[in-house]
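Chains as they are written, first to last, in numbering that gives the first Met the number 0: chain A, 0 to 375; chain B, 0 to 101; chain C, 0 to 166; chain D, 0 to 628.
Input: a single structure, listed below in structure tokens.
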Amino acid sequence: MTFGEAFFGMSWLDAIIRIVIVVLLMTVVVVYLTYGERKVIARFQMRLGPTRTGPAGLLQGVADALKLLCKEDVRPRNADRWVFEFAPYLTFIPVFLVLAALPFARDWGVRNLALGMFFVFAVLGLNIVGVLMAGLGSGNKYALLGGVRAAAQMISYEIPLVVALLAVAMLAGTLDLNAIAAMQESRPFVLVQPLAFVIFLTAVLSELHRAPFDIPVAESEIVGGYFVEYSGIRWSMFQLAEYAALWAFSIFGAVVFLGGWQFPFGDDWGWWWQLILTLVKSLLLILLIFWVRATLPRLRMDQLMSFCWKALIEVSFALLLVNGLFLYFGWSEIILAVVNWAGAAAFLGAIYLRAIRKPAVENLVGAYKHAGVSPP
Amino acid sequence: MVPLENYLVLSAILFALGVYGVLSRRNAVLVLMSVELMLNAVSLNFVAFAAHLDPDRATGIVFAVFVIAVAAAEVGLALAIVIRLFRNRSSANVDEAATLRW
Amino acid sequence: MITEVLWWIVAAGVVGASAGVVLSRSVVHAAIFLILSLAGVGAIYLFLTVEFIALVQFLIYGGAVTVLILLALMLTRMGASGRPEPLTGAQAPFGALVAAALMATLIGVAVATAWPGDLGGSPTAISIERIGAALFQNYGAPFIIMAALLLVAFVGAIVIARQEDGD
Amino acid sequence: MAEHAWILAAVPAIAFLALAALGRRLPRQGDFLAVLAAASGFGLFFAVLASFLGRGEGAWPVLNAIEWTAIGDFRLNMGIAVDQITIVMLAVVTTVAFMVNVFSVGYMKGEPRYWWYFAVLQLFVASMLLLVLADNLLLLYVAWELVGLSSFLLIGHYWERRSAVEAAKKAFITTRVGDVGLLIGIILLWKATGTFNILDIIHAVEAGEVGGTGLFVSVMFIFLGAMGKSAQLPFHVWLPDAMEGPTPVSALIHAATMVVAGVYLVARLLPVFEAAGDALLVVTAVGLITALFSGVVAFAQTDIKKVLAYSTVSQLGFMFVALGAGVVSAGMFHLFTHAFFKALLFLGAGSVILGAHHRQEVGQLGGLWRRMPVTAAAFLVGSLALAGLFPLAGFWSKDEILHAVEGHRGALVFALISLASIMTAFYTTRLFILTFLGKPRDAEAGHARETGASMTGPLVFLAVLSVFAGFVVYGGVGEALGFPGGFGEFVYLHHPETFHIDWGLAGVSTALFVIGVFGAGWLYRGGRLDRAAALTAWQPKLYEMTRRKFYFDDLYQFLIDRVVLGFSYVVSWFDRFAVNDTGVDGSATLTGYAGFLLKHLQTGRVPNYALAIAAGVAALILVALAAGG
């Protein structure tokens with residue numbers, strides 16, 4: 000079904016029902032994602048996390064949401080009114096549109112599009128507009144800085160994200176997400192394209208402003224970034240959009256790389272099993288993202304940009320080229336997988352070696368030179 | 000059933016608005032935006048023609064793709080020039096950059 | 000029926016947003032109107048049943064071009080004086096005249112011409128395979144040249160916008 | 000080997016490159032390279048000759064061509080064609096080049112730009128061989144111009160001397176006039192036949208595909224090139240002046256090889272000339288006039304080299320007369336023998352000049368017989384061969400020419416060519432007497448010394464050739480050497496011709512020789528000048544006219560000074576006043592004023608320009624709509 004047919008078809012009622020289901024599901028997931036994150040991070044830090052509200056603190060998310068809804072909606076005097084007020088909605092709309100295109104089970108999503116993967120890219124690009132509007136409309140220099148950082152970061156990391164996914168789409172031979180998932184009956188694409196998966200995950204961390212790429216929202220640097228001036232329901236819209244985007248990306252990654260509803264036990268156990276499979280896989284990815292946040296420190300802005308432009312983009316284009324060669328010459332997928340694993344290992348190994356190397360003392364200047372330590 | 004003429008008229012209006020913006024705006028970024036409007040009007044025309052008159056060859060679609068790509072290149076370059084202009088003259092107004100004169 | 004109504008709504012939105020681009024007194028508002036206008040044109044492409052171009056429109060214009068514009072706005076926000084300057088120049092009336100003349104001419108041409116081979120008013124869906132074939136086979140050489148153009152343009156942009164010593 | 004005869008040209012070409020690039024830094028400035036190249040060329044010629052003869056008459060001409068370029072349907076092939084005429088030319092060029100290179104080692108010792116002299120000499124040899132080998136007119140033309148370039152460089156070798164520079168320019172420009180004609184002729188022939196290939200052109204002409212006035216005109220243009228190169232009247236003026244170059248160069252280029260390129264060209268295209276109406280008559284007339292004219296001028300010349308130069312012009316005239324009679328073997332045979340004894344004479348003159356400390360006016364020489372015996376003996380042999388003493392080489396070839404003229408051109412031409420023969424004998428005798436007999440008329444000449452072995456060696460070698468080269472006209476001699484017969488049976492146009500000595504003609508020839516020799520001997524008996532002075536005093540105007548070469552140079556000078564320069568003055572006035580002041584400067588001034596007025600339209604503000612552009616576009620669309628309906 001093309002987007003046009005979906006758009007003009009007569010099945011409006013069906014669509015509305017599906018949208019309602021997805022939105023409800025999303026709300027629940029987001030509320031418990033915040034709870035989950037706090038718990039997971041706390042465990043990493045040898046704490047307990049929320050325990051008081053409800054059994055094992057399970058109602059903490061709900062309580063937070065209620066509190067936010069009740070808070071006063073403050074607007075700074077020199078903020079640009081319409082821009083300021085519409086920014087949260089604009090951050091939310093793209094995420095919602097992405098959710099509308101994702102398959103949760105075989106042939107079950109709000110809409111199944113022939114150009115599904117392309118649609119996801121295109122709509123995710125719009126995400127950044129809300130962030131920029133928030134930065135510009137707040138009339139606050141921290142917000143502006145956060146907006147600039149977010150914009151630079153997001154348009155940079157969009158390139159390796161898209162290219163790595165295109166490399167996978169080349170193998171699949173289609174942009175239809177359902178077809179891509181169905182194709183992974185025997186093996187998920189992560190086994191064939193681990194390097195693409197690594198690039199995808201890195202870029203997603205950046206797109207979502209998650210640690211270690213949380214520079215636009217860094218509290219310790221720019222006191223929260225572009226939504227520093229927001230409060231109450233508008234702030235919670237940002238939070239909602241952020242966690243919804245996290246979930247949407249995770250489902251997207253699960254569908255493309257982990258087989259979605261297809262792998263490991265196939266789709267013959269019924270739609271509910273497929274739904275559970277998709278959700279579990281996406282939650283696994285989310286757990287991975289939390290884990291990264293708990294482990295890695297934040298990067299500097301210049302490190303962030305040079306990592307993207309000098310490493311990720313090159314590697315992703317090399318991946319595209321290698322995949323193209325394999326497809327052109329019709330070489331075996333086993334060889335491709337081996338090459339890809341080797342590439343992923345080399346890539347991660349290079350990052351690791353770079354991270355643990357000793358600072359180049361001879362290049363230091365001033366006091367650092369005498370102390371023999373690198374600057375912070 | 001929207002006839003071809005509707006698209007053409009819409010495109011003409013967009014184009015005229017873009018022309019007006021280019022001619023009347025002082026800020027370089029705004030001029031650039033107006034140029035984008037004009038380019039959009041043009042590619043709208045191309046796509047409308049392709050869909051209505053020439054669906055077999057899709058030439059208009061290809062042209063629209065080219066227009067979009069060229070627009071991207073143009074924006075990148077033009078904004079670099081604007082930033083450089085701003086850095087040199089502390090203003091992004093096009094009519095203040097009038098050194099190139101007799 | 001519903002298609003026509005939707006079309007008119009979207010078209011009106013596009014025209015309104017475009018007017019906002021050229022008339023609004025705030026640079027930021029103009030940029031946001033531009034996004035709306037571009038997105039609206041993308042929606043118009045959906046009416047023409049070419050999803051591919053619509054998505055390209057969203058991806059390139061919505062995701063990249065307007066972001067660049069907003070970024071440039073952020074970087075060139077403050078004038079030397081720090082006070083807001085008029086955004087419309089002195090020749091605006093002449094510009095309006097010329098634009099009106101052009102619009103009248105173009106509309107006249109569009110309406111008066113009997114377009115050859117008009118397929119009865121309804122657009123034909125063009126598959127992405129068809130577009131891909133056209134792009135990579137019939138227009139392969141221009142495509143490659145365009146890639147080179149993009150590369151050169153971005154290298155040039157970096158060179159121009161680069162912070163030099165003493166800046 | 001014959002199909003790879005291009006190697007002959009490649010060897011000196013490589014030597015040229017090596018000498019030009021490295022010559023200055025090599026020991027002895029690389030003269031051994033030049034001699035080596037010339038010697039190997041001489042040796043390789045015999046390999047080519049053996050291969051050529053080994054193929055037998057049916058396989059001639061030997062062809063070897065590659066496709067050089069293709070423009071549409073037109074294919075341009077470049078290659079070599081070796082036939083009998085080419086073989087004769089190769090023999091002449093390689094032999095004389097070898098001798099001259101050896102001679103130059105001694106003659107040029109200590110001269111400025113020694114290495115460059117040898118380099119250009121190799122360039123000349125390479126181009127000359129290329130010219131001879133070329134199978135198409137385009138390649139021939141390239142080589143033709145390269146030959147002219149080398150000649151220019153060598154004449155102007157002593158560019159510190161103004162006269163040398165002037166002579167080089169004169170030679171270059173004068174031959175250029177003819178070369179333009181040649182180029183036009185080549186293009187016309189190509190236009191008519193669609194090919195540059197000489198054999199194809201000849202076939203096309205023989206098949207009657209082209210003809211009439213068009214062919215005559217193109218042939219005349221080609222003959223113009225031949226006249227320029229071979230210094231035929233009225234293009235002869237450059238050759239005597241070319242004596243400013245080093246004397247071995249005169250021997251090689253301006254006596255034996257380059258100047259006969261014209262003869263060679265006409266001989267090569269003789270079938271075309273035959274088919275082109277009265278073209279051969281023109282050739283005869285030009286040759287005859289040149290032979291007579293330069294014979295007369297040679298009487299009054301006092302510079303030893305100029306006498307030889309006019310003698311060369313005259314002998315080239317003989318060759319053209321023979322070709323004009325349609326007998327290619329006679330012309331080529333005279334070319335062949337003349338190359339040897341004229342090279343001998345020039346080299347002898349070089350030896351005299353070097354031995355007598357750069358005295359080259361006959362008025363300053365005399366009595367060198369005893370001081371330079373080898374040179375004198377060689378010079379005597381050369382002189383007698385040139386004058387036509389039985390049985391030296393010159394006798395046979397002149398005999399052939401007389402025979403050809405008698406057979407094909409009738410009594411008047413025969414009488415005139417006989418007169419020219421007498422002149423030849425006369426001025427040759429005069430030159431020899433004044434140079435070698437009597438008493439030295441100058442102190443330097445009195446102290447003259449015989450030159451070294453590197454110079455006398457070539458003299459002796461060439462003297463031997465001058466004595467014996469004529470015998471190849473006999474069938475038996477030719478067969479003994481491996482040829483199918485005598486010269487006339489080897490080089491011929493339509494059918495081979497066996498040589499039979501015509502005793503009547505030989506008698507006439509000997510009588511002409513005797514008249515000339517004894518006339519000069521009487522006039523300059525014992526090297527004394529009193530009778531000659533009396534003759535000069537008796538008719539001073541005639542003598543002056545002859546000494547001044549019938550005022551040809553003055554006529555040209557007048558033409559250039561008055562007619563050409565006057566016309567160019569008018570043109571230049573027109574250019575300055577009408578074109579420059581009114582047209583160029585006027586429009587520039589107008590533009591300047593207009594720009595001054597219009598510059599105020601330029602505000603420097605981009606929006607203004609954009610407005611103008613948009614308004615212009617709108618107006619254009621409206622105009623287009625209004626016009627197009």
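Just so it is clear, CB atoms sit at the ideal spot from N, CA and C, and this is done for glycine as well.
These numbers come from a predicted model, not from an experiment.
The three-state reading of DSSP puts A217 (chain A) in coil, since its state is none of H, G, I, E or B. Distance from the CA atom of Q538 (chain D) to the CA atom of H446 (chain D), rounded to whole angstroms, is 35 Å. Counting along the chain, M77 (chain D) sits inside no alpha helix (DSSP H); it lies in the beta strand (DSSP E) bounded by residues F73 to V81. The beta carbon of L38 (chain B) does not come within 7 Å of any beta carbon belonging to chain C, so the residue lies off that interface. With a threshold of 16 other beta carbon atoms within 10 Å, V158 (chain C) falls short and is exposed.
Taking C-beta separations shorter than 7 Å and ignoring five residues to either side along the sequence, the partners of V28 (chain A) in its chain run W246, following chain order. In the three-state reduction of the DSSP assignment, W67 (chain D) falls in the strand class, which pools E and B. Non-local beta-carbon contacts of D30 (chain D) in its own chain, meaning distances under 6 Å to residues more than five positions away in sequence, involve V104 and F117 in chain order. Close to L600 (chain D), with beta-carbon spacing below 9 Å, lies no residue of chain C; the smallest spacing is near 14 Å. In this structure, A424 (chain D) sits away from F319 (chain D), with a CB-CB distance that is not shorter than 7 Å. Under the DSSP assignment, G393 (chain D) falls in the alpha helix (DSSP H) whose first and last residues are A392 to H407.
In the same chain as L130 (chain D), and ignoring 5 residues on each side of it, the C-beta atoms closer than 7 Å to its own belong to L139, A142, W143, V146 and A260, in chain order. Here the alpha carbons of G582 (chain D) and A290 (chain D) stand approximately 53 Å from one another.
When Cβ pairs closer than 8 Å are counted between the two stretches, the region 326-335 of chain D is seen to touch the region 483-491 of chain D, the count reaching three or more. Check the Cα spacing between F93 (chain C) and each of D:A614, D:V622 and D:A626: the tightest is with D:A614.
With a beta-carbon spacing of about 7 Å, I432 (chain D) and A519 (chain D) fall inside the 8 Å limit used to define contacts. The three-state secondary structure of N111 (chain A), taken from DSSP, is coil. The CB of I620 (chain D) comes closer than 7 Å to the CB of T104 in chain C, given here in chain order.
Look at I127 (chain A): its C-beta is under 7 Å from a C-beta on chain C. Annotated three-state conformation of T87 (chain C) is strand, per DSSP.
With distances taken between CA atoms, F142 (chain C) lies nearest to B:I60 out of B:V41, B:I80 and B:I60. Of all C-beta pairs linking the region 158-174 of chain A to the region 208-226 of chain A, fewer than three are shorter than 8 Å, placing the two stretches out of contact. Distance check between P60 (chain D) and each of D:I70, D:G78 and D:A69 places D:G78 closest, using alpha-carbon atoms only. Under the Cβ distance rule, L54 (chain C) counts among the residues neighbouring chain A, one pair being separated by less than 7 Å. For A275 (chain D), there is no enclosing alpha helix (DSSP H), as DSSP marks it with neither H nor E. With a threshold of 7 Å between beta carbons, E50 (chain C) makes contact with chain A. Residue environment for Y608 (chain D): exposed (fewer than 16 other C-beta atoms within 10 angstroms of its C-beta). Close CB contacts of G474 (chain D) within its chain, under the 8 Å cut and outside five residues either way in sequence, are with G484, G485, E488, T497 and F498 (chain order). About 6 Å separates the CB atoms of Y6 (chain B) and L43 (chain B); that is less than 8 Å, so the two are in contact. Close to chain C, meaning a Cβ-Cβ distance shorter than 8 Å, are the following residues of the region 130-159 of chain A: L131, M132, G134, L135, G136, L143, G146, V147, A150, A151, M153, I154 and E157. In terms of CA proximity to I350 (chain A), A:I198 leads the group A:I198, A:A104, A:F43 and A:I18. Judged by beta-carbon spacing, F345 (chain D) lies beyond the 7 Å limit of L391 (chain D), meaning their Cβ atoms are not closer than that value.
The beta carbon of M300 (chain A) lies closer than 7 Å to those of R148 and I214 in the same chain, with the five residues before and after it left out. In this structure, A354 (chain A) lies away from R292 (chain A), with their beta-carbon atoms at least 7 Å apart.
Inside the region 299-354 of chain A, DSSP marks whole alpha helix (DSSP H) runs of 4 or more residues at positions 300-306 and 312-328, from first to last along the chain. Inclusion of R83 (chain B) and A152 (chain C) in the CB contact set at 7 Å is not warranted, their separation being larger than that value.
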